[in-house]
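Okay, so here's the structure we're looking at.
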Ligand code: GAL
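Given below as structure tokens:
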């Protein structure tokens, strides 16, 4: 009897530990603690007081529209995740910016040390208007799991020119007349885009903001990096001290380069940016940029991906680069394999970043253990 009791006690104590997964398997179903495939797409991760918090888009069975909102999961080891529910729910109220059926994409959350608040930004499209609104939306919370209080949405930095434009840049933009560039994709049109045709077009209404990420720099300044100018150009915009407004200072990255899905990180004082091209839900080859300052100039390098299907980013699209806590130089590349016909079944590709000659490399692995990799 005594032995039986000891055995039972052992099993009770040991089973939960034994049932814990050790490895990440990119591209296969990833069950949370309750056994359900994690539903946090286009996501980002925040580390706060011993836990990683993973925020993402809740996807439904048959639509990519937001029927639930932004979800939150929590983990200590980056492998085993517990669902913490909906951090920012959609609203039932007709006409609300975040009305059920709108599009809420690529949510990212950062912690603002100055205010002690958690600040979420995401790409918002209004219900029934396709991708025309191209707005950035912001919400705040006192706790990482929410509930987040929705604040507002809009285009970005109206009545502001790029912070680094010279007199010559302004003079050049002055000459650009939209009426002269009715036809897209011609050489003169491309040149005009580079020179700021759409920056000028959106000057009074604010710059478009679609695919996005956030980055908090070592000095505590936060930046919003997003696809703007009809997805032709990325912009990096400085956020206010409380992270809930844009300051009006912004810079353009790769004008006319058609980059989406930005994921930014910093390693040994150098900024790295991984992006995708613009092919909607279909995968394409990742791109990589680097700069000494977040404001640029940014230099383009070949894709960091290597291994089977690297040319198509392993079938995925970047969403975030996660710095592993307490391990300088340890990063995880996060991407989504979209399933537009069955959005809830979209998969995650999480792979460790290594450095070869100080340049990031993302190599395919069928399975890997963060605990072994980041010793
Ligand atoms: C992708 C974008 C996704 C989503 C999709 C819609 O290019 O990265 O976040 O907006 O287009 O087609």
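In our numbering, the protein residues as written are 202 to 576. Glycine included, every Cβ here is placed at the ideal spot set by N, Cα and C.
- With a cutoff of 7 Å, residue 479 counts as near the ligand GAL, since its C-beta is closer than that to a heavy atom of the ligand.
- The three-state secondary structure of residue 286, taken from DSSP, is strand.
- Three or more beta-carbon pairs separated by less than 8 Å are not found between the region 368 to 377 and the region 407 to 417, which leaves the two stretches without contact.
- No heavy atom of the ligand GAL is found nearer than 7 Å to the CB of residue 546.
- For residue 544, no alpha helix (DSSP H) encloses it, and the DSSP letter there is neither H nor E.
- Boundaries around residue 390 are those of the alpha helix (DSSP H), 388 to 396, since no beta strand (DSSP E) includes it.
- Within the DSSP secondary-structure output, residue 537 pairs in a beta bridge with 518, 549.
- Considering only 225, 235, 265, 290, the residue with the shortest C-alpha distance to residue 256 is 290.
- Ranked by Cα distance from residue 441, the options 538, 358, 304 are led by 358.
- Setting aside the 5 residues that flank it on each side, residue 466 is surrounded in the same chain by 473, 522, 524, 532, each with a C-beta closer than 7 Å to its C-beta; the list follows chain order.
- The residue from 294, 492, 481 with its alpha-carbon nearest to that of residue 453 is 492.
- Judged by their CB atoms, residue 551 and residue 239 are not nearer to each other than the 8 Å cut-off.
- Per DSSP, reduced to three states, the secondary structure at residue 401 is helical.
- Residues of the same chain with a CB within less than 6 Å of the CB of residue 361, apart from the 5 flanking positions on each side, are 449 in chain order.
- Taking all protein chains in view, the Cβ of residue 380 is surrounded by fewer than 16 other Cβ atoms within 10 Å, so the residue is classified as exposed.
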